[in-house]
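In this note's numbering, the protein residues as written are 9 to 164.
By construction, the Cβ of each residue, glycine as well, lies at the ideal position given by its N, Cα and C atoms.
Just so it is clear, the structure is predicted and the values come from calculations on it, not from any experiment.
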Amino acid sequence: MTERKVIWNGRVQSDMVDYNGHMNDASYSLVFSESLDALMETTGLDASGRERHAYTIFTLEAHIRYLQEAHEQQALRTTVTILDQDAKRLHLWFEMENDHGDIIATSEQMVMGMDTTTGRPGPFPEEIEQSLSSLPKLDRGQWPERANVPMGIRRK
9 MTERKVIWNG RVQSDMVDYN GHMNDASYSL VFSESLDALM ETTGLDASGR ERHAYTIFTL
69 EAHIRYLQEA HEQQALRTTV TILDQDAKRL HLWFEMENDH GDIIATSEQM VMGMDTTTGR
129 PGPFPEEIEQ SLSSLPKLDR GQWPERANVP MGIRRK
(Lines of atoms letter the chains of each structure in order from A and count residues from 1; the text may use other names and numbers.)
(Lines give C-alpha, C1' and ligand atoms only; values in the text may rest on other atoms or scores of the structure.)
Protein backbone atom coordinates (compact mmCIF):
# COMPACT_ATOMS: atom_id res chain seq x y z
CA MET A 1 0.00 0.00 0.00
CA THR A 2 1.59 3.28 -1.05
CA GLU A 3 -1.23 5.84 -1.12
CA ARG A 4 -1.41 7.50 2.29
CA LYS A 5 -1.74 11.01 3.68
CA VAL A 6 0.19 12.08 6.78
CA ILE A 7 -2.49 13.36 9.13
CA TRP A 8 -0.93 13.57 12.63
CA ASN A 9 2.54 14.06 14.15
CA GLY A 10 3.52 13.85 17.80
CA ARG A 11 5.66 12.24 20.48
CA VAL A 12 5.07 9.65 23.17
CA GLN A 13 4.57 11.74 26.31
CA SER A 14 5.57 10.46 29.76
CA ASP A 15 1.93 10.06 30.84
CA MET A 16 1.38 7.72 27.86
CA VAL A 17 3.94 5.19 29.14
CA ASP A 18 2.79 2.27 31.30
CA TYR A 19 4.38 -0.03 33.86
CA ASN A 20 5.90 -2.09 31.01
CA GLY A 21 7.98 0.91 29.89
CA HIS A 22 6.20 1.53 26.60
CA MET A 23 3.14 3.37 25.30
CA ASN A 24 -0.03 1.93 26.83
CA ASP A 25 -2.94 0.65 24.78
CA ALA A 26 -5.22 3.56 25.70
CA SER A 27 -2.67 5.97 24.27
CA TYR A 28 -2.66 4.17 20.93
CA SER A 29 -6.43 4.69 20.91
CA LEU A 30 -5.96 8.35 21.82
CA VAL A 31 -3.49 8.91 18.99
CA PHE A 32 -5.85 7.30 16.48
CA SER A 33 -8.76 9.36 17.86
CA GLU A 34 -6.69 12.53 17.48
CA SER A 35 -5.85 11.38 13.96
CA LEU A 36 -9.56 11.22 13.10
CA ASP A 37 -9.97 14.72 14.59
CA ALA A 38 -7.07 15.90 12.41
CA LEU A 39 -8.73 14.34 9.37
CA MET A 40 -11.94 16.18 10.20
CA GLU A 41 -10.04 19.47 10.47
CA THR A 42 -8.24 18.79 7.17
CA THR A 43 -11.51 18.21 5.35
CA GLY A 44 -13.31 21.29 6.69
CA LEU A 45 -14.94 19.88 9.81
CA ASP A 46 -13.01 21.92 12.33
CA ALA A 47 -15.08 23.70 15.01
CA SER A 48 -16.30 26.42 12.64
CA GLY A 49 -16.99 23.92 9.85
CA ARG A 50 -18.99 21.68 12.16
CA GLU A 51 -21.08 24.67 13.20
CA ARG A 52 -21.46 26.10 9.68
CA HIS A 53 -22.52 22.76 8.18
CA ALA A 54 -24.37 21.52 11.31
CA TYR A 55 -22.47 18.31 10.72
CA THR A 56 -19.97 16.07 12.48
CA ILE A 57 -18.52 12.57 12.30
CA PHE A 58 -19.15 9.73 14.78
CA THR A 59 -17.03 6.60 15.05
CA LEU A 60 -19.11 3.45 14.61
CA GLU A 61 -16.38 0.83 14.93
CA ALA A 62 -12.60 0.75 15.38
CA HIS A 63 -10.10 -2.10 15.36
CA ILE A 64 -6.51 -1.48 16.50
CA ARG A 65 -3.60 -3.82 15.84
CA TYR A 66 -0.54 -3.35 18.02
CA LEU A 67 2.55 -4.33 16.02
CA GLN A 68 5.51 -2.81 17.90
CA GLU A 69 6.21 -0.89 21.08
CA ALA A 70 6.65 2.87 21.24
CA HIS A 71 8.75 4.48 23.96
CA GLU A 72 8.79 7.78 25.84
CA GLN A 73 9.64 10.78 23.64
CA GLN A 74 9.68 8.65 20.49
CA ALA A 75 8.40 10.58 17.48
CA LEU A 76 5.27 9.16 15.86
CA ARG A 77 3.14 10.00 12.87
CA THR A 78 -0.09 8.63 11.48
CA THR A 79 -1.28 8.33 7.92
CA VAL A 80 -4.76 7.77 6.56
CA THR A 81 -6.23 6.13 3.48
CA ILE A 82 -9.88 5.76 2.51
CA LEU A 83 -10.76 2.13 1.88
CA ASP A 84 -14.39 2.74 1.01
CA GLN A 85 -16.98 5.49 1.09
CA ASP A 86 -20.64 6.09 0.49
CA ALA A 87 -22.82 9.19 0.87
CA LYS A 88 -22.48 9.29 4.67
CA ARG A 89 -19.85 6.73 5.76
CA LEU A 90 -16.11 6.31 5.49
CA HIS A 91 -14.13 3.10 5.94
CA LEU A 92 -10.69 4.36 6.98
CA TRP A 93 -7.25 2.79 7.41
CA PHE A 94 -4.79 4.56 9.70
CA GLU A 95 -1.17 3.53 10.17
CA MET A 96 1.05 4.70 13.03
CA GLU A 97 4.76 4.92 12.25
CA ASN A 98 7.71 5.38 14.57
CA ASP A 99 10.73 7.58 13.94
CA HIS A 100 12.35 4.78 11.90
CA GLY A 101 9.41 4.59 9.50
CA ASP A 102 8.22 1.24 10.91
CA ILE A 103 4.46 0.72 11.06
CA ILE A 104 3.89 0.05 14.76
CA ALA A 105 0.06 -0.01 14.83
CA THR A 106 -2.95 0.18 12.54
CA SER A 107 -6.49 1.34 13.15
CA GLU A 108 -9.32 0.40 10.85
CA GLN A 109 -12.34 2.60 11.45
CA MET A 110 -15.90 2.91 10.20
CA VAL A 111 -17.21 6.43 10.72
CA MET A 112 -20.52 8.07 9.88
CA GLY A 113 -21.49 11.63 9.11
CA MET A 114 -24.15 13.07 11.37
CA ASP A 115 -26.52 15.99 10.83
CA THR A 116 -26.32 17.78 14.19
CA THR A 117 -29.70 19.50 13.74
CA THR A 118 -31.55 16.18 13.55
CA GLY A 119 -29.11 13.94 15.42
CA ARG A 120 -29.43 11.48 12.53
CA PRO A 121 -27.00 10.21 9.92
CA GLY A 122 -26.78 12.45 6.89
CA PRO A 123 -24.82 12.73 3.65
CA PHE A 124 -21.54 14.62 3.63
CA PRO A 125 -22.02 18.31 2.78
CA GLU A 126 -20.83 19.08 -0.76
CA GLU A 127 -17.78 21.05 0.46
CA ILE A 128 -16.73 18.17 2.73
CA GLU A 129 -17.35 15.62 -0.04
CA GLN A 130 -15.00 17.62 -2.30
CA SER A 131 -12.30 17.67 0.41
CA LEU A 132 -12.67 13.92 0.93
CA SER A 133 -12.24 13.30 -2.79
CA SER A 134 -8.70 14.68 -2.58
CA LEU A 135 -7.63 12.03 -0.04
CA PRO A 136 -5.93 8.80 -1.08
CA LYS A 137 -8.42 6.00 -1.76
CA LEU A 138 -7.69 2.37 -2.56
CA ASP A 139 -9.66 -0.06 -4.67
CA ARG A 140 -10.56 -3.22 -2.74
CA GLY A 141 -7.86 -5.23 -4.52
CA GLN A 142 -5.25 -2.79 -3.18
CA TRP A 143 -6.35 -2.88 0.48
CA PRO A 144 -3.77 -3.75 3.12
CA GLU A 145 -3.64 -7.49 3.82
CA ARG A 146 -5.10 -7.08 7.33
CA ALA A 147 -7.95 -4.76 6.35
CA ASN A 148 -11.50 -6.04 6.88
CA VAL A 149 -10.22 -9.19 8.61
CA PRO A 150 -12.29 -10.45 11.53
CA MET A 151 -10.61 -10.89 14.88
CA GLY A 152 -10.39 -14.40 16.30
CA ILE A 153 -8.20 -17.20 17.52
CA ARG A 154 -6.63 -18.91 14.55
CA ARG A 155 -6.84 -22.71 14.94
CA LYS A 156 -4.39 -25.13 13.36
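Per DSSP, the beta-bridge partners of Met-31 are Val-25. If you ignore the 5 residues before and after Asp-26, its C-beta comes within less than 7 Å of the C-beta of Asn-32, all in its own chain and listed in chain order. Of the residues Lys-96, Ser-43, Leu-47 and Met-120, the one whose Cα lies closest to the Cα of Leu-84 is Ser-43. Going by DSSP, Glu-135 is part of the alpha helix (DSSP H) stretching over 134-141.
Contact between the segment 108-117 and the segment 50-62 is not established, with fewer than three Cβ pairs separated by less than 8 Å. For Asp-92, the beta-bridge partners assigned by DSSP are His-99.
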